[in-house]
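Quick note on this note's numbering: the sequence shown kicks off at 39 and runs consecutively.
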Amino acid sequence: MKKTENKKMYYYFDEAGQPDILGHKGINLIEKGTASKVFIVGYLETEEHKKVASDLRNLQKQIAEDEYLSSIPSIANTKKMFHANKDCAEVREKVFKLLKTENFTFYCIVARKNESLFRRKFNFKKDKIYEYLVTKLLEKPAAFVQ
């Protein structure tokens, strides 16, 4: 029998995309091409939260001090926080390379946005969609393995 380890883990939840399907006057945004076809909820699990946070802060500092990168307008936001859909490609690459060196596991659930299902099951309520996906994610997480 495997011995249970007593260790403290840290969890960081986030989502990618928006759960919205319908826009103004009930127009299907997916069919219109202005909304993604999926909504993703995930979490990162680590024992080394202080190291991850410190490494990300150090990267922010390096980016802010970089002569080339500091001239890019979006860097003003990057100095506050990283955000994949707002950061320039150079910053996203640096964050990606840093994250590859960190010790964590990432779990996610990808929901295909289906109008009839989202209407029937959630009545398009974002909090209900998010709650359902987080519950399913935590019931049986499967780690992404490289």
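The beta-carbon is built from N, C-alpha and C at its ideal position, and this holds for glycine as well. Since we're looking at a predicted model, the values are computed, not measured.
Around the beta carbon of F51, a 10 Å sphere encloses fewer than 16 other beta carbons of the protein chains shown; the residue is thus reported as exposed. Taking all protein chains shown into account, V148 has fewer than 16 neighbouring C-beta atoms within 10 Å of its C-beta and is therefore exposed. Membership of F77 in the beta strand (DSSP E) is indicated by the continuous run 76-84.
In this chain, the beta strand (DSSP E) harbouring F51 covers 48-54. Only exposed fits T139, as fewer than 16 other CB atoms lie within 10 angstroms of its CB. By the Cβ neighbour-count rule, V76 is exposed, with fewer than 16 other Cβ atoms within 10 Å of its own. H121 has its alpha-carbon roughly 10 Å from the corresponding atom of A54. In terms of Cβ geometry, A127 and K117 do not form a close pair [threshold 8 Å].
Straight-line spacing of the CA atoms in Y81 and L175 works out to 9 Å. In the DSSP assignment, N66 forms a beta bridge with L60. In this chain, the alpha helix (DSSP H) harbouring A102 covers 87-103. Leaving aside the five residues that flank L171 on each side, the residues in its chain whose CB is nearer than 7 Å to its CB run, in chain order, V79, I147, A149.
Contact annotation: the region 155-171 touches the region 57-74, with at least three C-beta pairs closer than 8 Å.
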